[in-house]
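Have a look at the structure below, then the notes.
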Amino acid sequence: MAERLPVKKTYKLFIGGAFPRSESGRTYEAEGQNVGRASRKDARDAVRVARAAWPKWAGMTAYNRGQVLYRLAEMIESRSAEFAELSTGRDEVERTVDRIVWYAGWADKLAQVLGSSNPVAGPYFNFTVPEPTGVVAILAPDEPPLLGLVSRVVPALTGGNAVVAVASETHPLAAIELAEALATSDVPGGVVNLLTGHRKELAPWLASHMDVNALDITGAEGASAELERAAADNVKRVVRGDPDSQSPWEIASFLELKTVWHPVGQ
Amino acid sequence: MTELERKQDRTPVPKEWAYAPAPESRDLVTLDDRYGHYVGGTWLEPSETYTTISPATEEPLAEVGQATPEEVEAAVAAARDAFENGWSGISTAERAKYLFRIARILQERAREFAVLESLNGGKPIKESRDVDLPLAAAHFFYYAGWADKLEYAFPNRRPRPVGVAGQIIPWNFPLLMLSWKIAPALAAGNTVVLKPAETTPLSALLFADVLRQAELPPGVVNIVTGDGRAGAALVKSEGVDKIAFTGSTEVGKAIQRELAGTGRKLTLELGGKAANIIFDDAALDQAVEGIVNGIYFNQGHVCCAGSRLLVQESIYEPVVEKLKRRLTTLRVGDPLDKNTDVGAINSEEQLERIRELVESGEQEGAEIYQPPCRLPEKGYWFAPTVFTNVAQSYRIAQEEIFGPVLSVLTFRTPEEAVEKANNTPYGLSAGVWTEKGSRILWMAERLRAGVVWANTFNRFDPSSPFGGYKESGFGREGGRHGLEPYLNFDGGESSGG
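So the sequence lines, in the order shown, correspond to chains D and H. Residues in the first sequence are numbered from 90 upward in steps of one, following the working numbering. Residues in the second sequence are numbered from 3 upward in steps of one, following the working numbering.
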């Protein structure tokens, strides 16, 4: 008997908690599948949606944000088998889950580690607190496809930012699976937006977008100087991180510090 | 307001009433006719020079060097040599003591420096004496103490100096900005090439004499003078590991572009258009003093100046009335007079910019108020100015004027105040005036600015981190956080740049 012919879907983008086709209607082939090829307009839509979703995420209590991230780790673990197939294997999935758990625990500790109260001369209680920078655009590294994406996106999320990420171009399926997990998690729609497509095509638009506050060029290949130059148009924070690192300083690079002078008096 | 207060409020200020002049002695400063660049602990004869003047009188003060790229490179080489052959190897406790020495000498010579700062920059001696100098010395004291405690500031991160720091500072607080830059850089173990602003090089050049007195090893701090071309050469120099810039957003962006792809570290402290927000429950007289301090302090040449006044609608009239009345008592004139509140505009170029923006405000339909005051004939002067009837879209409500010009807008609810305050590409500072503590913190949470002052404005302290959100730049100066831009760590960076 002939082998059963599987149904073959075309994978979509993940914008605003939904799975739209690219407005351009284009796809490209990766890992033997048809995958959405996002356009400049999709990137623009994603930034707009991220900006709108950001205040709610940033305004959540740190404890809550930690819980939501922990829940995401649980959901990825429950889909371990699928993720293992779409990444380099079980080890990558386990490390991804552990990494999210690790970051989840940071959400309500950042202010204590990164902030300070400052002994100023004068009748003021002066303190410094970390705050999210806003909308972060991330160019995820090609490999590892799952852990690389998560290692860049989750620190930004932990700090309370909204994210527009361009997934691994060569191995986008893990990102799409992650989108499925995110869509059913408690991460509010629009807080994480995942674009698949050609990085070289999307990166310049995100780098020069005036409503993006920070740019992570970890996954940029070659032309990163050009992207950094474009990022200067609105003084973006430019971060080149590690595709596989786990550090509170990765969170801190997507944070601002606010100092408040509060009067003291009777 | 009681009937009596209302009456007092309307009492006109006597027209023929004035303070007797109380000039500070110009003789406290001895200037050379000509200065070179301070490189490797000695004076390098400059190949080109220009004349630096007093903006209050246009009197020439000295000839100073216009650094060529070669001269900048010589300074960078001296800094590199000092970094590799000595400074980074010196014990941190000794490093701390050099900084303590500098702080103490600055305190001892405060009066001399204050006079020079007012002479070359045009700022009132009252401010140089009471703000710039004490804060500059305090900054060196504060960071002196950090020099041998870095591993406590950054546990488990193995903090190490970056190397040679190129620092470019503005003309509004020349010596104070020098201290904000040099103190943390040296405390962290770096060496420095500093370029003061074109119009205000003299306090930095006199500071070289403080370094000599402190016996700081040669090459640890190098000072080159000149205009933007010298700054550009410093930014381009491949021998520089880190650039710290304070100045306009436009130049900051150009520097960020220039450094793109080089991997060199950068911190930017750029422009602002701060909202000073007055709620109807605020102590109005105190708030009016704060508004005045927020925008007329240092002729408004302050990146964090409260240049947009947001007044709650219900108190708009009394606030504007009190403000205009207070303006009539501001004394504009000789920076060296101890009674002067508002000094000279720093340069002809800046005066032109202020004039141009003020004209745009009138053309766009805002209502201008300037108190009657006689401005000196020589020098660069601009009367304290208030604009009412200002719409959010007017240039005077959007662009940084960097002069004594206030734009007044109104709001009804705290939400509207937040919305309006945040509606600019900048995010350096903001002010909130209210008697309600919970509202202060509610506002502070929502204002997208690096510094929020409540019931005060333009207050600084070496332990308090300062720096911007959005297009006001990145990185912090002051406090423990102010050390980070000058250090490399294990495990990555902790803030932008």
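Each residue gets a CB set at the ideal place from its N, CA and C atoms; glycine is no exception.
Based on the DSSP secondary-structure assignment, which residues constitute the bridge partners of H:D339?
H:P25
Could one say the Cβ of D:V252 lies closer than 9 Å to chain H's Cβ atoms, at least one of them?
no
Under 8 Å, with one C-beta from each stretch per pair, do the region 105–124 of chain H and the region 260–268 of chain H reach the 3-pair mark?
no
What residue range does the alpha helix (DSSP H) around H:H141 cover?
Taken as a continuous stretch (DSSP letters only), the alpha helix (DSSP H) holding H:H141 covers 135–148.
Of all the CB atoms in chain D, is at least one closer than 9 Å to the CB of H:W169?
Looking at the sequence provided, one finds Gln at residue 169 of chain H rather than Trp. Taking Cβ atoms only, chain D never reaches closer than 9 Å to H:Q169, which makes this a no.
Does any CB atom of chain D fall closer than 9 Å to the CB of H:E473?
yes
Shorter than 8 Å, the distance from the beta carbon of H:Q314 to the closest heavy atom of the ligand MN, or not?
Although the ligand MN was asked about, the structure shown includes no ligands whatsoever.
What does H:K255 touch in chain D if you count any residue whose Cβ is under 9 Å from its own?
A321, D322, N323, V324
Residues, ordered as in the chain, of the region 137–167 of chain D that lie near chain H by beta-carbon distance below 7 Å
none
Three CB pairs or more closer than 8 Å across the region 267–280 of chain D and the region 346–353 of chain D:
no
So, does the CB of D:P352 fall closer than 9 Å to a CB anywhere in chain H?
yes
To the nearest angstrom, how far is the alpha carbon of H:I257 from that of D:G121?
The alpha-carbon atoms of H:I257 and D:G121 are separated by roughly 44 Å.
Whole angstroms are fine: how far does the CA of H:Y471 sit from the CA of H:R448?
Just so you know, the alpha carbons of H:R448 and H:Y471 end up roughly 13 Å apart.
Under 8 Å, with one C-beta from each stretch per pair, do the region 271–285 of chain H and the region 366–382 of chain H reach the 3-pair mark?
no
Starting from D:L346, follow the alpha helix (DSSP H) in both directions and report where the run begins and ends.
First-last for D:L346: 344–352, but that is the beta strand (DSSP E), not the alpha helix (DSSP H).
Test: D:N123 CB closer than 9 Å to a CB of chain H:
no
Do H:A216 and H:L180 have their C-beta atoms closer together than 9 Å?
By the CB criterion at 9 Å, H:A216 and H:L180 fall outside the cutoff.
Got a sec? Which residues, its chain only, sit under 6 Å from D:T247 by beta carbon, not counting five neighbours each side?
Y192, W195, A196, I340
Just by C-beta distance, which residues in the region 183–213 of chain D are closer than 8 Å to chain H?
L203, S205, N207, P208, V209, A210, G211, Y213
Check whether the Cβ of D:E345 lies closer than 9 Å to any Cβ atom in chain H.
yes
From H:V388, H:D229, H:Q288, residue whose alpha carbon lies closest to that of H:E351
H:D229
Got a sec: is the Cβ-Cβ distance from D:T259 to anything in chain C below 9 Å?
Protein chains in the displayed structure are D and H, and chain C is not among them.
In chain D, which residues lie less than 9 Å from H:L236 when you measure between Cβ atoms?
Simply none; closest approach about 18 Å.
Going by other Cβ atoms of all chains shown within 10 Å of its Cβ, with 16 needed for buried, is H:G498 buried or exposed?
Low confidence applies here, because H:G498 scores a pLDDT of 42, under 50, leaving its location unreliable; read the following figure in that light. With 16 or more Cβ atoms within 10 Å of its Cβ, H:G498 is classed as buried.
Helix, strand or coil for H:Y40, going by three-state DSSP, please let me know.
strand
Looking only at DSSP bridge pairs, what is D:S380 linked to?
With chain D covering only 90 through 355, there is no way to say anything about residue 380 of chain D.
Option in H:E418, H:I442, H:H303, H:A451 with minimal Cα separation from H:L512:
The requested residue 512 of chain H does not occur in the structure, where chain H is confined to residues 3 to 499.
DSSP has H:Q431 in a bridge; who is on the other side?
It should be pointed out that residue 431 of chain H corresponds to Ser in this sequence rather than to Gln. DSSP lists H:V453 as partners of H:S431.
Would H:D229 count as contacting chain D if we go by Cβ distances under 9 Å?
no
Proximal residues of chain H, C-beta to C-beta of D:S111 below 8 Å:
Chain-ordered listing is empty here: chain H has no CB closer than 8 Å to the CB of D:S111, the nearest sitting near 29 Å.
Output, in sequence order along the chain, the residues in the region 279–294 of chain D whose CB is closer than 7 Å to any CB in chain H.
none
Helix, strand or coil: how does DSSP classify D:D131 here?
helix
For the putative contact between H:I279 and H:V434, defined by C-beta atoms under 8 Å, what is the C-beta separation to the nearest angstrom?
5 Å
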